[in-house]
Amino acid sequence: MSSSQSAFLKPSGHGALAIDGKAVSTHVIEQVAAGAVKLAAKSVKPGLAVVLVGEDPASQVYVRSKGKAAEQCGFLSVQHTLPAMTSEADLIALVEKLNADPAIHGILVQLPLPAHINSTLVLETISPAKDVDGFHPVNAGLLAIGNMERALVPCTPAGSMILLREAAAALGRKLAGLDAVVVGRSNIVGKPMAQLLLAENCTVTIAHSRTADLAAAVGRADIVVAAVGRPEMVKGAWIKPGALVIDVGINRVPGEGFDAQGRPRTRLVGDVEYAAAAGRAAAITPVPGGVGPMTIAMLMQNTLTAATRAAG
Ligand code: NAP
Ligand code: L37
Numbered sequence: 000m001s002s003s004q005s006a007f008l009k010p011s012g013h014g015a016l017a018i019d020g021k022a023v024s025t026h027v028i029e030q031v032a033a034g035a036v037k038l039a040a041k042s043v044k045p046g047l048a049v050v051l052v053g054e055d056p057a058s059q060v061y062v063r064s065k066g067k068a069a070e071q072c073g074f075l076s077v078q079h080t081l082p083a084m085t086s087e088a089d090l091i092a093l094v095e096k097l098n099a100d101p102a103i104h105g106i107l108v109q110l111p112l113p114a115h116i117n118s119t120l121v122l123e124t125i126s127p128a129k130d131v132d133g134f135h136p137v138n139a140g141l142l143a144i145g146n147m148e149r150a151l152v153p154c155t156p157a158g159s160m161i162l163l164r165e166a167a168a169a170l171g172r173k174l175a176g177l178d179a180v181v182v183g184r185s186n187i188v189g190k191p192m193a194q195l196l197l198a199e200n201c202t203v204t205i206a207h208s209r210t211a212d213l214a215a216a217v218g219r220a221d222i223v224v225a226a227v228g229r230p231e232m233v234k235g236a237w238i239k240p241g242a243l244v245i246d247v248g249i250n251r252v253p254g255e256g257f258d259a260q261g262r263p264r265t266r267l268v269g270d271v272e273y274a275a276a277a278g279r280a281a282a283i284t285p286v287p288g289g290v291g292p293m294t295i296a297m298l299m300q301n302t303l304t305a306a307t308r309a310a311g
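All letters in the sequence shown, in the order written, are residues 0 to 311 by numbering that gives the first Met the number 0.
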C-alpha cells in the first residue's frame, strides 16, 4: 500500500488511514477567512444569520460552533434564538426580514424545527441566493442538473466530498469510475451526496431502509458513505478491502461511568462500526472529528460564496 502524502491522513491504529476532518476544516476556515479579507477590499463583509427555534441540545451546540466559526472567518455573525412556541408565521416573517437585509448574505434555519412548524414552507421562504444550507428546491434542482456554478450545495455532502477527494489523492487514486454506495436518502445528506458522487463520475447506488441486501450493496462499493442515523449499523465485515469510508452519522450512545455531576457518561459514535471497518478500509473518517467539523467549514464557504456573488 502506498503511504499517505497528506497531512490530513493519519494512522487509525486499525489498518486504514483516518481522515482528519478537524484538520481539513481548520484549513478550509483559514482559506475562507483569507477570502473574506479579499472581499473587504470591495467593502463587503459576509454576513451569516443563524436561526434556532426551541432548545434542542445538539442544535444549540452546532449553532454555537457555527457562530464561532463565522467570527473566526471575520464575518458578521447574527444569531436569532426563538422560543419553541414561536408561530410559523413569526418565523417566516423573520426569514423575510433577513431576505431583505443587505448585510446578511447567508441564512440558516437550524433543523429540526418544532413539530407545529412546516419546515418545507420555511425553507422555501429563504431566498435561494442566501440559502447557505442548500435546501431550497432551486438549489436542490441546480445540483441535480449539475449546475454547481450557480448552486449552493448542502454543507455535509460538500464537506464529505472534500474528505473523499483528499483521501483519494493521498492514496494516488481517481474517484471517476469507482463504485459508490450512499446508505441513506435524506434530502439533506443522502440525495445531495449521491448527486456529488455522480458529478465526480462515480457509479452510484443509493441504499435505504427497503434495500434488499445492504451487506451485498456495501460489499461491492469502493466508496461507502453512511448517513443512516443508527449507531454502527454498517458492519466492518461488509466493507470491501481497500474501500474509502465516509461516516456521516452522529449518534450519542451510553458511555462508561459517570461525569463530575454524577450523570451517566455518553459518547458519540458514527453509523459505521469503526474499528472493524478501519481493519479493512484504506481510509475512513472518525466520529467525532470527521464529517462534523467539515459541515461547519462548508457553511462558512457557502456564506463567502453567497457574499461574493452578491458583490458581483
Ligand atoms: P434521516 O433523515 O433520518 O435519514 C436516514 C436515512 O437512512 C433514510 O433514508 C432511511 O431510509 C435510511 N435508513 C434507516 N434505517 C436504515 C436501515 N436499517 N438500512 C438502510 N437504510 C436505513 O437522517 P439524515 O438527516 O440523513 O442523517 C443521517 C445521519 O447523519 C444521522 O446520524 C445524523 O445525525 C447525521 N448527520 C450528521 C451531520 C454532520 O454534520 N456530520 C449532518 C447531518 C446529519 P428510508 O428513507 O427508507 O427511511
Ligand atoms: N447545515 N446542518 C445544517 N443545517 C441544519 O438544519 N441540522 C442541520 C445541520 N446539522 C448539523 O449542523 N450537523 C452537525 C453535526 C455535527 C457537528 C456539526 C454540525 C459537529 O461539529 N460534530 C462534532 C462533534 C460535536 C459534539 O461533540 O457533539 C464532530 O467532531 O463530529
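Ideal placement from N, C-alpha and C gives every residue a C-beta, glycine not left out.
State yes or no: is the C-beta of residue i within less than 9 angstroms of the C-beta of residue j?
i	j	result
Phe-125	Ile-144	For the sequence presented, residue 125 should be read as Ile rather than Phe. Cβ atoms of Ile-125 and Ile-144: not closer than 9 angstroms.
Val-43	Ala-309	yes
Thr-202	Ala-168	no
Gly-278	Gly-235	yes
Gly-53	Phe-74	no
Leu-38	Leu-303	yes
Val-339	Ala-296	No answer is possible for residue 339: it lies beyond the span of the chain, which begins at 0 and ends at 311.
Pro-191	Pro-156	yes
Ala-206	Gly-183	yes
Ala-152	Asn-301	The question names Ala, but residue 152 is Val in the sequence shown. For Val-152 and Asn-301, yes; Cβs fall inside 9 angstroms.
Gln-78	Val-50	yes
Ala-135	Glu-123	A small correction: the amino acid at residue 135 is His; Ala does not occupy that position in the sequence shown. Taking 9 angstroms as the Cβ cut-off, His-135 and Glu-123 qualify as a contacting pair.
Ser-5	Ala-166	yes
Find the nearest neighbour of residue i within the set the options, judged by alpha-carbon distance.
i	options	result
Ala-274	Val-217, Val-244, Asn-301, Met-299	Val-244
Gly-256	Asn-250, Ile-249, Thr-265	Thr-265
Glu-95	Ala-48, Asn-146, Ile-18, Arg-63	Ala-48
Lys-239	Gly-183, Val-60, Ala-276, Met-232	Ala-276
Phe-7	Ala-15, Thr-307, Asp-19, Ala-39	Asp-19
Leu-195	Leu-163, Ala-211, Arg-209	Leu-163
Ala-306	Ala-157, Val-131, Met-192, Gly-189	Val-131
Val-188	Arg-219, Leu-170, Gly-228, Gly-218	Gly-228
Asp-55	Leu-112, Leu-97, Ile-28, Val-31	Leu-112
Ala-220	Ser-208, Ser-118, Ala-280, Pro-101	Ala-280
Val-247	Asp-258, Lys-65, Ile-283, Gly-218	Ile-283
Ala-15	Gly-133, Pro-285, Val-252, Val-62	Pro-285
Val-60	Leu-177, Asn-98, Leu-110	Leu-110
Ser-208	Gly-218, Ala-226, Ile-222	Ala-226
Asp-212	Ala-193, Pro-230, Trp-237, Ile-91	Trp-237
Ser-76	Ser-86, Thr-85, Ser-64	Ser-64
Pro-263	Asp-89, Asp-270, Arg-251	Arg-251
Met-147	Asp-270, Leu-197, Val-268, Ile-116	Leu-197
Ala-214	Val-224, Thr-204, Pro-10, Val-233	Val-233
Thr-80	Gly-171, Glu-272, Pro-253, Ser-58	Ser-58
Cys-154	Thr-210, Gly-133, Ala-166	Gly-133
Glu-272	Ala-35, Asn-186, Glu-231	Glu-231
Val-23	Ala-242, Ser-159, Ala-99	Ser-159
Ala-68	Ala-92, Lys-21, Gly-269	Lys-21
Glu-87	Ile-116, Pro-101, Leu-97, Ala-99	Ile-116
Assign residue i to one of three DSSP states: helix, strand, or coil.
i	result
Ile-125	coil
Gly-189	helix
Asn-250	strand
Gly-241	coil
Arg-262	coil
Thr-80	strand
Pro-230	coil
Ala-150	coil
Ala-175	coil
Thr-304	helix
Met-0	Caution applies to Met-0, whose pLDDT of 46 falls short of 50 and renders its modelled position unreliable; the value that the coordinates give is listed next. Correct three-state label for Met-0: coil.
Leu-267	strand
Met-297	helix
Pro-10	strand
Asp-89	helix
Val-344	Outside the modelled stretch of the chain, which goes from 0 to 311, sits residue 344, for which no answer is possible.
Glu-95	helix
Gly-218	helix
Glu-165	helix
Thr-155	helix
Gly-140	helix
Val-290	helix
Gly-235	helix
Go ahead and label residue i buried or exposed: buried means 16 or more other beta carbons lie within 10 angstroms of its beta carbon, across all protein chains shown.
i	result
Ala-139	buried
Met-293	buried
Lys-173	exposed
Gln-260	exposed
Met-0	In this prediction, Met-0 scores a pLDDT of 46, lower than 50, which makes its location untrustworthy; the coordinate-derived value is nonetheless stated afterwards. With fewer than 16 Cβ atoms within 10 Å of its Cβ, Met-0 is classed as exposed.
Glu-199	buried
Ala-316	Nothing can be reported for residue 316: it is not among the residues displayed for the chain, which extend from 0 to 311.
Leu-120	exposed
Asp-258	exposed
Gly-291	buried
Gly-34	buried
Inset, instruction - Scan the segment 13-48 and note each continuous beta strand (DSSP E) run of 3 residues or more that stays entirely inside, going in chain order. - result: Segments of the beta strand (DSSP E) lying fully in the segment 13-48: 16-18.
_Just to confirm the assignment: which complete alpha helix (DSSP H) runs, minimum length 4, are found wholly within the segment 47-77?_
The segment 47-77 contains these whole alpha helix (DSSP H) runs: 56-71.
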